[in-house]
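Down below is the structure, laid out as structure tokens.
Residue numbers (my numbering): 2 to 258.
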């Protein structure tokens, strides 16, 4: 059974999108209004979940539905892996749990990977998140181990512990992981309150590591979250979405995937 989520302005538009994407036999599973966009510029959309029921559809209909689904799907990274990078305390680990939970709810079988050198308490937190979500958990203490884990066909999330990007030794240590991360989706996890005078230089340093996309966290802990959005944009990052305080159960509010 193919299950898809759609966003539309109203039910008529939703039905049109569903029929174009997965065909006239689709079943409507749920529909709910929700707020989309950043907290400082929100809009209400209708989120609809639909599915194609099991059964032997006619070959032509099946091929046409598949063709439409492929054409309407957004571009996907070469590997179905998220790699989360960013400053300590920015909410990477709980975000890793949220992304893992999201993948499980979509019927995938992701791995949650703790890569690098962790403090014992931090490693226990990642392991606890895997247990809470029901995902498989692995440790990768070296790039070679991570390279093996990245062959997992179900993809997953790699949580890399925060490091001081202004320290050359720590930055070079992170660079040693980059060759095995080719094709994965490297994402900067940036806390919205981090808007001090050092922020542009820190963001520029992450850009030099080849990171181009970002997720904004802790937007409810600042009175001026749009300042963080502007900082990321000025440094050339594509902002994928945002979330509030780091609680695993809070979903990511996606702007783009």
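Glycine is no exception: its CB is placed at the ideal position from the N, C-alpha and C atoms. On a predicted model such as this, the values are computed, not experimentally measured, just so you know.
> residue 223 lies in the alpha helix (DSSP H); which residues open and close that run?
Replying inline: Per DSSP, residue 223 belongs to no alpha helix (DSSP H) and is neither H nor E.
>> With DSSP as the reference, identify every bridge partner of residue 182, one or two as the case may be.
In response: Residue 182 is not bridged to any residue.
> For residue 34, which residues of its own chain have a beta-carbon under 8 Å away from its beta-carbon, when the five flanking residues on both sides are left out?
Replying inline: Within the same chain, 45, 46, 47, 48 come within 8 Å of residue 34 by CB-CB distance, once the 5 residues on both sides are set aside.
> Among the residues of its own chain, which have a CB less than 8 Å from the CB of residue 206, if the five just before and after it don't count?
Replying inline: 166, 167, 172.
> If you count every other CB in all the chains shown that lies within 10 Å of the CB of residue 60, and 16 or more means buried, which is it?
Replying inline: Confidence in residue 60 is poor, its pLDDT being 47 and thus under 50, which makes the residue's placement unreliable; the coordinate value appears in the next sentence. By the 16-neighbour rule on beta-carbons within 10 angstroms, residue 60 is exposed.
>> Whole angstroms are fine: how far does the CA of residue 28 sit from the CA of residue 228?
In response: Cα-Cα distance, rounded: 42 Å.
>> For residue 232 and residue 201, which I take to be in contact (beta-carbon distance under 8 Å), what is that distance rounded to the nearest angstrom?
In response: About 7 Å separates the two Cβ atoms, so the contact holds.
> Nearest chain C C-beta to residue 200 closer than 9 Å, yes or no?
Replying inline: In the displayed structure, chain C is absent; only one protein chain is listed.
> Can you give, in chain order, each stretch of the beta strand (DSSP E) that sits fully within the segment 137-203 and has at least 3 residues?
Replying inline: You should have 137-141, 157-160, 186-192.
> Out of curiosity, what's the CA-to-CA distance linking residue 24 and residue 185?
Replying inline: For residue 24 and residue 185, the distance between alpha carbons rounds to 32 Å.
> When DSSP builds the beta bridges, which residues end up paired with residue 131?
Replying inline: For residue 131, which the question treats as bridged, DSSP gives no partner whatsoever.
> When the Cα atoms are used, what is the spatial distance from residue 133 to residue 210?
Replying inline: When rounded, the separation of the alpha-carbon atoms in residue 133 and residue 210 is 32 Å.
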